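Structure first, commentary second.
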Amino acid sequence: VCNGVIIIFLTKILFEQCLFSPLQEKEELIEEWQPEPLVPPVSKDHPALNYNLVSGPPSHIITVNGKECINFASFNFLGLLDNEKVKSAAQASLKKYGVGTCGPRGFYGTFDVHLELEERLAKFMRTEEAIIYSYGFATIASAIPAYSKRGDIVFVDEAACFAIQKGLQASRSNIKLFKHNDMADLERLLKEQEIEDQKNPRKARVTRRFIVVEGLYMNTGDICPLPELIKLKYKYKVRIFLEESLSFGVLGEHGRGITEHFGINIDDIDLISANMENSLASIGGFCCGRSFIIDHQRLSGQGYCFSASLPPLLAAAAIEALNIMEDNPGIFQTLRAKCERIHKALQGISGLKVVGESFSPALHLQLEESHGSRENDVNLLKRVVDYCMSSGIALTQARYLEKEEKCLPPPSIRVVVTVEQTEQELDRAASLLKEAAQSVLN
Amino acid sequence: INHIVHNGGLYKRPFNEAFEETPMLVAVLTYVGYGVLTLFGYLRDFMRQWKIEKCQNATEREEQKDFVPLYQDFENFYNRNLYMRIRDSWNRPICSVPGAKVDMMERVSHDYNWTFTYTGRVIKGIINMGSYNYLGFAQKEGTCQEAAAKVLSQYGAGVCSTRQEMGNLDKHEELEKLVARFLGVESAMAYGMGFATNSMNIPALVGKGCLILSDELNHASLVLGARLSGATIRIFKHNNMQSLEKLLKDAIVHGQPRTRRPWKKILILVEGIYSMEGSIVRLPEVIALKKKYKSYLYLDEAHSIGALGPNGRGVVDYFGLNPEDVDVMMGTFTKSFGAAGGYIGGKKELIDYLRTYSHSAVYATSMSPPVVEQIITSMKCIMGEDGTTVGKARVQQLAENTRYFRRRLKEMGFIIYGNEDSPVVPLMLYMPAKIGAFGREMLKRNIGVVVVGFPATPIIESRARFCLSAAHTKEMLDTALKEVDEVGDLLQLKYSRHRLVPLLDRPFDETTYEETED
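Chains as they are written, first to last, in UniProt numbering: chain R, 1 to 442; chain Y, 1 to 518.
Set out below in structure tokens:
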């Protein structure tokens, strides 16, 4: 056997010698090769290139491109961005700790504020443990690859946000997409998988299975049918990862998210991940669940181990925001009432349809029918947005990376409701949108 | 080991880098140590399985016991049996600003590190040799903190929107212009997290059909970004220019595997300072190679920005090169600027492209305003634009501290890896028991150090890593050196045999950095 190996090795080397071009040819090849430019040129009027410039704080009254408007575009659901208590808590932390943490959590980057925030989040969500990340996008994108590896199977909704898609790509698992909120489609996929398992039971015993869904979907504004998912979980033995960035601090009697909304036992969900950049008006994200699951991320979550920890002033701001949420459970009801109001007021605009649940604070306004190409649609919506901005309502189009998304949503205007908006402002926004749609689309 | 003569005078100053070989006896003993630990690990697992010993780690829910197990037993073997024993060396909680001296919360474990309890006492005044505070900007008072406080009261802490939607504040634009000026490039863009800067922008720059040549010891964020991009990845030996040149030649001559089509583009990924080795990239040679083979260079200056160079402008400044030669200059604000976040600098076309197509600009929240203000103030201080010479003094202080500390440690007889000028100083420990012992002994003497073992380093090369700071005074360094000397004698860490033979004037081959006499 050894001789055979040596012979094969020698013939391989000889073979390659024959194929080797002489030195001069190599030099010529190197001279001739022309790479593509590092980046292709971007046209000056690409819609995504010219950002809106916000001067001053992005609070309820916002100064965009020099004009003062009412903010209907920032995800400041509970109005905590310019809350004085939050700011003074952050100031106190700044005076004590400075700004940065100068290290990852493992190397002197763990501050007592981080530990306090993790404890408070775990207590608020009524789970055993919570873990904090310093960047909202990195939270779910690091959590999924920590559990799901090559060979595992993940069933994910089509309308999942980009962070989830990147997490799935990093995990190298088999991804199976099911139609948005279609439990029958999911069940069909699960049944197919079951049949596969029966063919190869040894492999099935080590293949982990996960379902990844969002509480309130960012791309469509609707809610996932969690009770049915729990039934499917126990029937087909699949674990559930729930992404609650939009529903944390919005749904439920006390703002605990979709599990409180549906009255489900929180232990039934294996992992809840959310970012603190929407309702909590801070930066970063967290995952919560049982210690058995969360503790694993402390050594395998890439965004946790290899990155600096969250600046303490942002952690202190988040703790104070949690305090406010716990002390005033009435704001969630107020927020939902305002959402219902604007949802009703925006019905019946000619040319635009409202996409999203009536209690979702982040709605989409899509064109009822497409006007040819996506580019045309985007330009039309841009004119609507510009009309509204010039009259004092700040709106924005929902931005996507068109070539990278798995299922690209249609172009839309994002309308965000916050508790700080008064009823007159909501009505004014609705009527302005009606006017804009009339003038631009007809 | 002077390289002035090599490579036609590309280097304007001596490039002294050394990685002393592991002594044979120490290597053998280390393997034996790991072997013993593994045996005991199997024994303990066996006892836990048969309920002789109580199982203390968290377990699956009763209702989900028939699900496919979430973790494989083997994956966690290292975690349960080796890491748990010395777990108290990491995740040490502190409760003050992470400056030159830090206060740590005392924690004890009554069950061999499975759980910790805080006694409530605070250990004050620990000399901090673990935080990445190179220029000492982690301060709780001073101009930076005051400016950040003002911006915090005006703008608030969060932003709640992405850059492309409603999150682009005037502060962000001010920061980006300043960063571009600092680096000497046309334009720059800033992001909220250094890790995410790499993992979200490399996929935007290269895709299928491109080739990435990445250093062996690149950081996890670069590796993740390269994998997510879908390009082919080839690894060259750490800081080894022959290996890189061979890969470049082969790539251009042979083209893509199987189809033999030419590559669309070639991107070389290197770091300024490698944080586990303390080595500095051979930038003049890399740039010469890049120009010869028409490839693009992505330089990750996470640790070197602010810490190297006479003006603190990073590794490009250190070698006296032109910043326009580096196609993509990336760095982070966490280390030398005392804030958080990352940036990419380069030509205007590159940055315009990233503004449109970077994942972070479209989907991730923009940076928090007080953090941005901290970066602006500290950067102006380093550049000298705030009217004082504090920045320049700090840069010089760091360089002096680095040289002094490294020289003293080498004289004592420790094996120190890396370049003479790098403020990251790895001190070799090798044996697994010494990892825990070193950390604990140094803490007893009021010095906080970072120890690293597998899997961040190769299995026998565990080390302690000191991060020097401009905030360290000579007294602090002397105290630390005295304690390190004591602990080194106690644990017998002075392995160095000082047998570094300078290389003769000939090009070195791929396998050796230097030769030792035996």
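Glycine included, every Cβ here is placed at the ideal spot set by N, Cα and C. Predicted model, so just to flag it, every value in this text is computed and none were measured.
Backbone CA spacing between residue i and residue j [nearest angstrom]
{"i": "Asp421 of chain Y", "j": "Glu128 of chain R", "result": "46 angstroms"}
{"i": "Asp478 of chain Y", "j": "Tyr404 of chain Y", "result": "10 angstroms"}
{"i": "Lys434 of chain Y", "j": "Leu409 of chain Y", "result": "18 angstroms"}
{"i": "Glu425 of chain R", "j": "Lys124 of chain Y", "result": "53 angstroms"}
{"i": "Ile319 of chain R", "j": "Lys335 of chain Y", "result": "25 angstroms"}
{"i": "Ile264 of chain R", "j": "Gln198 of chain R", "result": "31 angstroms"}
{"i": "Gly418 of chain Y", "j": "Ala399 of chain Y", "result": "15 angstroms"}
{"i": "Ser96 of chain Y", "j": "Ile126 of chain Y", "result": "11 angstroms"}
{"i": "Thr516 of chain Y", "j": "Gly4 of chain R", "result": "Residue placement at Thr516 of chain Y is flagged as unreliable, the pLDDT there being 35, under the threshold of 50; the coordinate-derived value follows with that caveat. Approximately 38 angstroms, taken between the alpha carbons."}
{"i": "Leu441 of chain R", "j": "Val390 of chain Y", "result": "60 angstroms"}
{"i": "Leu224 of chain Y", "j": "Gly230 of chain Y", "result": "11 angstroms"}
{"i": "Leu367 of chain R", "j": "Ile393 of chain R", "result": "19 angstroms"}
{"i": "Val372 of chain Y", "j": "Gly338 of chain Y", "result": "11 angstroms"}
{"i": "Tyr293 of chain Y", "j": "Ser243 of chain Y", "result": "14 angstroms"}
{"i": "Phe9 of chain R", "j": "Thr232 of chain Y", "result": "26 angstroms"}
{"i": "Pro323 of chain Y", "j": "Leu178 of chain Y", "result": "15 angstroms"}
{"i": "His238 of chain Y", "j": "Leu283 of chain Y", "result": "13 angstroms"}
{"i": "Leu322 of chain R", "j": "Arg120 of chain R", "result": "8 angstroms"}
{"i": "Asp509 of chain Y", "j": "Pro14 of chain Y", "result": "Because Asp509 of chain Y carries a pLDDT of 43, less than 50, the predicted location of this residue cannot be relied on, and no value is offered for it."}
{"i": "Ala130 of chain R", "j": "Ala317 of chain R", "result": "17 angstroms"}
{"i": "Arg256 of chain R", "j": "Phe248 of chain R", "result": "6 angstroms"}
{"i": "Met389 of chain R", "j": "Cys69 of chain R", "result": "7 angstroms"}
{"i": "Lys382 of chain R", "j": "Ser370 of chain R", "result": "14 angstroms"}
{"i": "His172 of chain Y", "j": "Ser391 of chain R", "result": "26 angstroms"}
{"i": "Asp111 of chain R", "j": "Asp103 of chain Y", "result": "One point to set straight first is that residue 111 of chain R is Phe, not Asp, in the sequence displayed. So the alpha carbons of these two residues sit roughly 10 angstroms apart."}
{"i": "Ile7 of chain R", "j": "Ile13 of chain R", "result": "10 angstroms"}
In DSSP terms, what residue i is bridged to
{"i": "Lys392 of chain Y", "result": "Beta-bridge pairing links Lys392 of chain Y to no other residue."}
{"i": "Tyr298 of chain Y", "result": "Y:Leu269 and Y:Val328"}
{"i": "Ile393 of chain R", "result": "R:Ile70"}
{"i": "Val450 of chain Y", "result": "Y:Arg465"}
{"i": "Ala308 of chain R", "result": "R:Pro104"}
{"i": "Cys381 of chain Y", "result": "Beta-bridge pairing links Cys381 of chain Y to no other residue."}
{"i": "Asn65 of chain R", "result": "For Asn65 of chain R, which the question treats as bridged, DSSP gives no partner whatsoever."}
{"i": "Lys338 of chain R", "result": "None; Lys338 of chain R has no bridge partner."}
{"i": "Val108 of chain Y", "result": "Y:Thr117"}
{"i": "Gly284 of chain R", "result": "Partner(s): none; Gly284 of chain R has no beta bridge."}
{"i": "Asn174 of chain R", "result": "R:Ile153"}
{"i": "Gly289 of chain R", "result": "R:Glu129 and R:Leu271"}
Residue burial classification, residue i (beta-carbon count within 10 angstroms, cutoff 16)
{"i": "Leu251 of chain R", "result": "buried"}
{"i": "Trp90 of chain Y", "result": "buried"}
{"i": "Glu216 of chain Y", "result": "exposed"}
{"i": "Asn71 of chain R", "result": "buried"}
{"i": "residue 520 of chain Y", "result": "Nothing about residue 520 of chain Y can be reported from this structure: the residues present for chain Y run from 1 to 518 only."}
{"i": "Phe15 of chain R", "result": "exposed"}
{"i": "Tyr112 of chain Y", "result": "exposed"}
{"i": "Arg414 of chain R", "result": "buried"}
{"i": "Thr377 of chain Y", "result": "buried"}
Cβ distance (whole Å) where residue i is taken to contact residue j below 8 angstroms
{"i": "His114 of chain R", "j": "Leu310 of chain R", "result": "7 angstroms"}
{"i": "Gln165 of chain R", "j": "Lys403 of chain R", "result": "At roughly 13 angstroms, the Cβ-Cβ gap does not stay under 8 angstroms, so Gln165 of chain R and Lys403 of chain R are not in contact."}
{"i": "Ala396 of chain R", "j": "Val385 of chain R", "result": "Reading off the sequence shown, one finds Thr at residue 396 of chain R, where the question assumed Ala. About 7 angstroms; that satisfies the 8 angstroms criterion."}
{"i": "Phe210 of chain R", "j": "Glu60 of chain Y", "result": "Not really, about 15 angstroms apart at Cβ, beyond 8 angstroms."}
{"i": "Ala148 of chain Y", "j": "Asn128 of chain Y", "result": "No, Ala148 of chain Y and Asn128 of chain Y are not in contact; Cβ-Cβ is about 21 angstroms, not under 8 angstroms."}
{"i": "Gly194 of chain Y", "j": "Thr332 of chain Y", "result": "3 angstroms"}
{"i": "Gly356 of chain R", "j": "Asp222 of chain R", "result": "6 angstroms"}
{"i": "Cys146 of chain R", "j": "Ser300 of chain R", "result": "It is worth fixing the name first, because residue 146 of chain R is Ala in this sequence and not Cys. Between Ser300 of chain R and Ala146 of chain R the Cβ distance is about 4 angstroms, and since that is below 8 angstroms, they are a contact."}
{"i": "Lys87 of chain R", "j": "Lys140 of chain Y", "result": "Not confirmed; about 18 angstroms, so no contact."}
Exercise. May I ask you to verify whether the region 263 to 272 of chain Y touches the region 19 to 36 of chain R, counting CB pairs closer than 8 angstroms and requiring at least 3?
Key: yes
Practice problem: Inspect the CB distances between the region 378 to 386 of chain Y and the region 415 to 423 of chain R and report whether three or more fall short of 8 angstroms. | Solution: no
Self-check item: At least 3 beta-carbon pairs within less than 8 angstroms: the region 270 to 280 of chain Y vs the region 291 to 311 of chain Y
Solution: yes
Quiz prompt | contact_flag[the region 425 to 439 of chain R, the region 337 to 348 of chain R] where n(CB pairs < 8 angstroms) is 3 or more | solution = yes
Quiz item: Is it true that the region 425 to 441 of chain Y meets the region 160 to 167 of chain Y, where meeting means three or more beta-carbon pairs spaced less than 8 angstroms apart?
Solution: no
Self-check item: Sufficient close CB pairs (3 or more, under 8 angstroms) joining the region 133 to 151 of chain R to the region 270 to 277 of chain R
Solution: yes
Quiz item: At a cut of 8 angstroms, does the region 150 to 157 of chain Y reach the region 347 to 367 of chain Y through at least three beta carbon pairs?
Solution: They do not touch, by the three-pair rule.
Exercise. Count the CB pairs spanning the region 46 to 56 of chain Y and the region 186 to 196 of chain R that are closer than 8 angstroms, and state whether there are at least three.
Key: no
Self-check item: Inter-stretch contact at 8 angstroms, needing at least 3 Cβ pairs: the region 345 to 354 of chain R / the region 200 to 219 of chain R
Solution: With the cut-off at 8 angstroms, the region 345 to 354 of chain R and the region 200 to 219 of chain R do not touch.
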